[in-house]
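Protein chains: 4
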Amino acid sequence: MIEQVRRARGRPRSETARRAILDATLALAAEQGPKGVRMDAIASRAGVSKETLYRWWRSKAEVLLEALAQYGEQTIPVPDTGSLASDLRAFLRATARAADPPTERLLRALAAEAAADADLADVVRDTFLARRRADLGRLLGRAVARGELTAGQAATAVDLIYGSLWYRVIFGIGPLDERWADGVADMIASLARASAEAGVDHPEEAPRPVQ
Amino acid sequence: MIEQVRRARGRPRSETARRAILDATLALAAEQGPKGVRMDAIASRAGVSKETLYRWWRSKAEVLLEALAQYGEQTIPVPDTGSLASDLRAFLRATARAADPPTERLLRALAAEAAADADLADVVRDTFLARRRADLGRLLGRAVARGELTAGQAATAVDLIYGSLWYRVIFGIGPLDERWADGVADMIASLARASAEAGVDHPEEAPRPVQ
Amino acid sequence: MIEQVRRARGRPRSETARRAILDATLALAAEQGPKGVRMDAIASRAGVSKETLYRWWRSKAEVLLEALAQYGEQTIPVPDTGSLASDLRAFLRATARAADPPTERLLRALAAEAAADADLADVVRDTFLARRRADLGRLLGRAVARGELTAGQAATAVDLIYGSLWYRVIFGIGPLDERWADGVADMIASLARASAEAGVDHPEEAPRPVQ
Amino acid sequence: MIEQVRRARGRPRSETARRAILDATLALAAEQGPKGVRMDAIASRAGVSKETLYRWWRSKAEVLLEALAQYGEQTIPVPDTGSLASDLRAFLRATARAADPPTERLLRALAAEAAADADLADVVRDTFLARRRADLGRLLGRAVARGELTAGQAATAVDLIYGSLWYRVIFGIGPLDERWADGVADMIASLARASAEAGVDHPEEAPRPVQ
DNA sequence: CGGTAAGCGAGACGGTACGTCTTGTCTTATT
DNA sequence: AATAAGACAAGACGTACCGTCTCGCTTACCG
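Structure below.
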């Protein structure tokens with residue numbers, strides 16, 4: 009049984025234009041920083057009209073969101089090694105790798121939009137951030153299940169971890185490199201080990217040494 | 009012989025205008041959010057000309073910085089009870105109290121500016137953030153001295169703690185209330201307790217300056 | 009094969025906006041005088057953005073020039089009755105009729121701009137004034153051909169006649185009415201008659217009585 | 009009986025400052041044209057405070073008026089040789105000499121102010137222009153008395169002559185040199201000769217006040 | 001000769017217009 | 001129907017100039 013996709017009438021959306029727009033967005037962010045990411049600059053660099061931009065995305069923020077979905081952290085796997093420490097390390101190292109300088113600048117541009125506009129912040133939180141928070145939540149959830157963390161600690165940890173990421177990006181505190189990933193992962197993992205040793209819920213789970 | 013402070017020539021700067029401007033900035037942020045904080049709106053609300061605004065502050069961000077210094081977190085004491093847990097609790101609760109909704113909105117407006125402009129972010133980081141980071145650094149430094157944390161952990165903790173604060177503010181993740189303060193304080197303190205029990209490496213190691 | 013006029017791509021310039029701008033310019037000048045002719049007032053009255061104004065005219069003076077071309081003296085015919093006296097009368101009476109109060113105020117606004125800016129004055133002289141000077145020059149040129157005036161006198165007369173017009177407008181010396189037109193026309197014509205009687209160049213041309 | 013000039017109390021007005029201001033006004037006009045004549049520029053160039061400027065002159069136009077009175081045409085004698093032609097030549101040649109480039113630029117700046125502001129134009133007309141018009145009126149009045157001109161022609165001639173002067177200055181039509189003076193003088197004088205020959209009405213008719 | 005009142009330099013101030021910039025919408029002809 | 005081109009409305013930005021105000025200092029008179 010062949011699934012017949014109903015073809016829309018008229019000229020189909022140009023995939024070329026879509027890619028050109030997202031590429032241009034990334035390139036502009038990379039080369040000129042958040043301020044360089046202007047709708048007319050994106051359009052002109054992509055060889056596309058502003059009309060096309062606004063036909064498919066309602067605002068600059070939406071373009072940024074899709075550009076991030078394309079180039080950013082979307083491919084970060086959620087590891088499950090049985091150890092919070094190694095899970096976190098792997099996850100945050102992958103996160104740091106995904107946050108290369110161009111992507112960092114996209115994040116920064118997105119943060120600028122969200123900080124300035126509460127409605128937009130809601131959207132960003134409930135779509136873009138929510139997915140990443142859910143991933144990290146699942147990872148930490150396994151530690152909760154093993155009794156290494158309480159649910160409340162896991163929730164707080166999500167804020168601490170992603171908070172430190174955005175904080176560093178927005179204010180230029182420092183790079184999102186392996187050192188950052190390991191520092192944060194170890195810190196949270198030590199805590200978990202401590203909790204486990206203190207006999208939370210599931211003492212049968214042996215704590216593993218961090219590194 | 010008493011050193012006579014030489015009075016500057018010409019009409020002295022109007023303290024009234026200065027206060028009116030900072031008040032107007034706070035009021036606009038509180039009432040209309042970051043987008044309401046416009047230079048012309050500040051000027052008109054303060055009964056001041058734009059020229060006066062630009063005479064004393066080169067950008068909106070500088071006005072925000074001074075308004076924050078005036079109304080914001082500048083009076084948060086750094087407690088020293090001998091216990092990291094209670095020090096942190098007290099410090100973060102005071103921080104949460106200082107971050108009332110109007111102040112939160114000022115912070116948000118400032119974040120929007122800093123995210124959009126890297127040069128400005130440098131200024132914000134090196135003046136506004138640095139003071140708060142230093143306060144928290146001193147607090148954590150005592151725990152380092154007591155062997156409850158390594159210097160590296162203390163540095164990471166600063167990012168985690170303030171990161172979570174800004175993250176919640178910028179993206180509207182949740183309020184900066186006592187629950188937040190206690191959750192974060194407990195989390196970091198548990199870690200310290202765990203580290204101390206584990207006999208962490210070298211307490212004599214001097215704490216690295218927290219950026 | 010018919011030459012097809014290539015239509016420019018993109019949205020065509022709005023004729024509505026153009027007219028609204030020129031109308032608003034005239035109305036503001038008429039109602040509020042030269043000081044009322046402000047770029048933002050024109051824009052707001054015309055229901056147009058300032059950007060549209062500056063897209064098509066680089067300065068207020070250019071808008072005034074086009075408004076004058078639209079409403080001003082452009083339709084003044086250059087009569088040729090064979091008599092300098094009646095030609096001049098007809099021409100200056102038509103000029104006076106064209107210089108109704110709203111137009112006078114546009115002229116005044118234009119003079120203010122030109123007086124303040126030498127570069128602009130050059131443009132005004134070489135475009136707007138030049139056309140009128142040429143018209144009057146042709147009219148007087150016929151008198152020169154008839155031997156009623158020397159070429160030098162004709163040139164001086166152009167300055168005298170238009171000079172008196174602008175002088176009266178700018179400093180509010182008096183109105184540009186029929187009395188003014190006749191007074192100036194008769195004066196120049198008497199001179200021509202006198203020159204002719206004195207036997208300048210072409211004595212065969214009989215002087216005609218001034219009406 | 010000795011007229012005792014009552015000396016005002018307090019520090020007397022600085023004549024140095026007054027001269028410095030008028031000099032600076034002239035110099036700025038000469039060097040930078042009408043646009044360079046700014047109140048703060050005058051003050052700073054004269055080494056004087058704006059306070060002092062506005063203490064003695066209510067507006068830029070008043071400063072210009074006094075600067076012109078100082079450097080401009082104030083010393084032009086009204087000749088009385090018994091011949092209109094030579095009187096006019098002498099008067100206009102002296103006028104042209106007085107209108108050197110720096111003075112021309114002052115005139116231009118004054119015209120810009122007057123054109124933009126009707127109230128100011130009234131003042132300029134009734135003070136500055138009136139004196140010159142009266143001088144020229146007296147000169148022409150003698151021709152009227154001799155029956156060379158009618159009173160109406162004399163009045164029109166004043167507009168034509170001074171009109172041409174301002175017209176040339178404002179729009180940069182051409183210089184106010186001897187050629188201009190002679191051209192205008194000869195033109196008006198020819199007319200007078202013609203009228204006299206034609207036996208124009210009679211001298212008992214009193215010359216109308218020339219506005 | 002010392003008090004005092006006005007003049008003065010400095011420069012901050014409120015007001016207002018300018019010309020620029022960016023966002024998001026709209027209107028053409030073309031594909 | 002989607003697109004490139006580009007004009008458009010809205011509105012904030014930062015600058016410039018005007019004329020006013022507020023200091024502390026200076027100058028010359030007058031008692």
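For the protein sequence lines, the chains are A, B, C and D, in the order given.
Under the working numbering, the first residue of the first sequence is numbered 9, with each subsequent residue one higher.
Under the working numbering, the first residue of the second sequence is numbered 9, with each subsequent residue one higher.
Under the working numbering, the first residue of the third sequence is numbered 9, with each subsequent residue one higher.
Under the working numbering, the first residue of the fourth sequence is numbered 9, with each subsequent residue one higher.
Every residue, glycine too, gets a C-beta built ideally from N, C-alpha and C.
No experiment lies behind these values; they were computed from the predicted model shown.
Note down, in chain order, each residue of its chain lying with its Cβ closer than 6 Å to the Cβ of ALA102 of chain D, except the 5 sequence neighbours on either side.
These residues qualify, in order along the chain: ILE84.
GLY145 of chain D (DSSP reduced to helix, strand or coil):
In this structure, GLY145 of chain D counts as helix in the three-state DSSP scheme.
Would you mind sorting SER172 of chain D into buried or exposed? The rule is 16 or more other CB atoms within 10 Å of its CB.
With 16 or more other Cβ atoms inside 10 Å of its own Cβ, SER172 of chain D counts as buried.
In whole angstroms, what separates the C-alpha of VAL86 of chain A from that of ASP143 of chain A?
Those two C-alpha atoms are separated by around 6 Å.
Quick check on LYS68 of chain A - is its C-beta less than 8 Å from some C-beta in chain B?
So, not an interface residue.
Would DSSP call ASP185 of chain C helix, strand or coil?
Assigned with DSSP and collapsed to three states, ASP185 of chain C falls in coil, not helix or strand.
Is the beta carbon of VAL45 of chain C closer than 8 Å to that of ALA37 of chain C?
Contact annotation: ALA37 of chain C and VAL45 of chain C have beta-carbon atoms nearer than 8 Å.
Under a Cβ-count criterion, where at least 16 other Cβ atoms within 10 Å of its own Cβ denotes burial, should SER198 of chain B be classed as buried or exposed?
For SER198 of chain B, the number of other beta carbons within 10 angstroms of its own is at least 16, and it is reported as buried.
DSSP-derived helix/strand/coil call for ILE84 of chain B
Judged by DSSP in its simplified three-state form, ILE84 of chain B adopts coil rather than helix or strand.
Sorted by chain position, which residues of the same chain lie with C-beta nearer than 6 Å to LEU115 of chain D's C-beta, five sequence neighbours on each side aside?
Close CB contacts of LEU115 of chain D within its chain, under the 6 Å cut and outside five residues either way in sequence, are with VAL177 (chain order).
Any idea if TYR175 of chain D is buried or exposed, counting beta-carbon neighbours within 10 angstroms, 16 or more meaning buried?
Classification of TYR175 of chain D: buried, given that the 10 Å Cβ count is 16 or more.
Any idea what DSSP makes of VAL166 of chain D, helix, strand or coil?
For VAL166 of chain D, the secondary structure class from DSSP, reduced to helix, strand or coil, is helix.
Could you say if the segment 152 to 161 of chain D and the segment 59 to 70 of chain D meet the contact criterion of at least three C-beta pairs nearer than 8 Å?
Short answer: they don't touch.
For ARG231 of chain C and ALA189 of chain C, I'd like the C-alpha separation in whole angstroms.
Missing from the structure shown is residue 231 of chain C; chain C here goes from 9 to 219 and no further.
Which same chain residues end up closer than 8 Å to ALA94 of chain D when comparing Cβ atoms and leaving out the 5 residues on each side of it in sequence?
Note that residue 94 of chain D is Ser in the sequence shown, not Ala. Excluding positions up to five away in sequence, the list reads PRO87.
Beta-carbon proximity check, TYR79 of chain D vs LEU34 of chain D, cutoff 8 Å
The answer is yes: Cβ separation under 8 Å.
For ASP130 of chain D, return the contacting residues in chain C, with the cut-off set at a CB-CB distance below 8 Å.
Those within 8 Å of ASP130 of chain D in chain C are GLY180.
Sequence-distant residues of the same chain with beta carbon closer than 6 Å to LEU128 of chain A, five excluded per side:
Here the set comprises ALA69, GLU121, ALA122.
Suppose the cutoff is 7 Å on Cβ atoms and the five residues either side in sequence are ignored; what does the same chain contact list for MET47 of chain B look like?
Residues LYS58, LEU61, LYS68 of the same chain have their beta carbon placed closer than 7 Å to that of MET47 of chain B, with the five preceding and five following residues left out of the count.
Contacts around LEU30 of chain C, its chain only, beta-carbon distance under 8 Å, and the 5 residues preceding and following it disregarded
Closer than 8 Å at the Cβ level, and outside the excluded window around LEU30 of chain C, lie VAL71, GLU74, ALA75, GLN78, TYR79.
Report the neighbours of PRO279 of chain D on chain C: residues whose CB is nearer than 7 Å to its CB, in chain order.
Because chain D here runs from 9 to 219, residue 279 of chain D falls outside it and cannot be looked at.
What did DSSP end up calling VAL45 of chain D once you bin it into helix, strand or coil?
DSSP places VAL45 of chain D in coil when its eight states are reduced to three.
What is the rounded straight-line gap between the Cα of HIS210 of chain B and the Cα of THR158 of chain A?
Confidence at HIS210 of chain B is low in this model, with a pLDDT of 40, below 50, so its placement is unreliable and the value that follows should be read with caution. About 29 Å.
C-alpha distance - GLY180 of chain A paired with ARG133 of chain B, whole-angstrom precision
Rounded to whole angstroms, GLY180 of chain A and ARG133 of chain B show a C-alpha spacing of 8 Å.
Report buried or exposed for PRO20 of chain B, applying the criterion of at least 16 other Cβ atoms within 10 angstroms of its Cβ.
That one is exposed.
Could you tell me the distance, in whole angstroms, from the CA atom of ILE169 of chain A to the CA atom of VAL192 of chain A?
Taking the straight line from one Cα to the other gives about 7 Å.
Can you tell which of D:VAL56, D:GLY182, D:ASP167, D:GLU23 has its C-alpha closest to the C-alpha of ALA107 of chain D?
When each option's Cα is compared against that of ALA107 of chain D, the closest is D:GLY182.
Does the beta-carbon of THR89 of chain B have 16 or more other beta-carbons within 10 angstroms, so that it is buried, or is it exposed?
Counting every other CB atom within 10 Å of its CB across the protein chains shown gives THR89 of chain B a total below 16, marking it as exposed.
Return the chain-ordered ranges of every alpha helix (DSSP H) run that is complete within the segment 22 to 67 of chain D and spans a minimum of 4 residues.
Correct list: 23 to 40, 47 to 54, 58 to 64.
Is the CB of THR164 of chain D under 8 Å away from at least one CB in chain C?
At least one C-beta of chain C is nearer than 8 Å to the C-beta of THR164 of chain D.
In whole angstroms, what separates the C-alpha of ALA117 of chain C from that of ASP125 of chain D?
Spanning the two alpha carbons is a distance of roughly 9 Å.
Chain B contact for ARG216 of chain A (CB, 8 Å cutoff)
Bear in mind that the predicted position of ARG216 of chain A carries a pLDDT of just 36, short of 50, making it too unreliable to give a figure here.
Just how far apart, CA to CA, sit GLU39 of chain B and ALA163 of chain A?
Roughly 31 Å between the two C-alpha positions.
Does DSSP put GLY155 of chain C in a helix, in a strand, or in coil?
GLY155 of chain C falls in the coil class under three-state DSSP.
Contact set between ASP167 of chain D and chain C, taken where Cβ atoms lie within less than 7 Å
Using a Cβ-Cβ cut-off of 7 Å, ASP167 of chain D is close to SER172, TYR175, ARG176, ILE181 of chain C, given in chain order.
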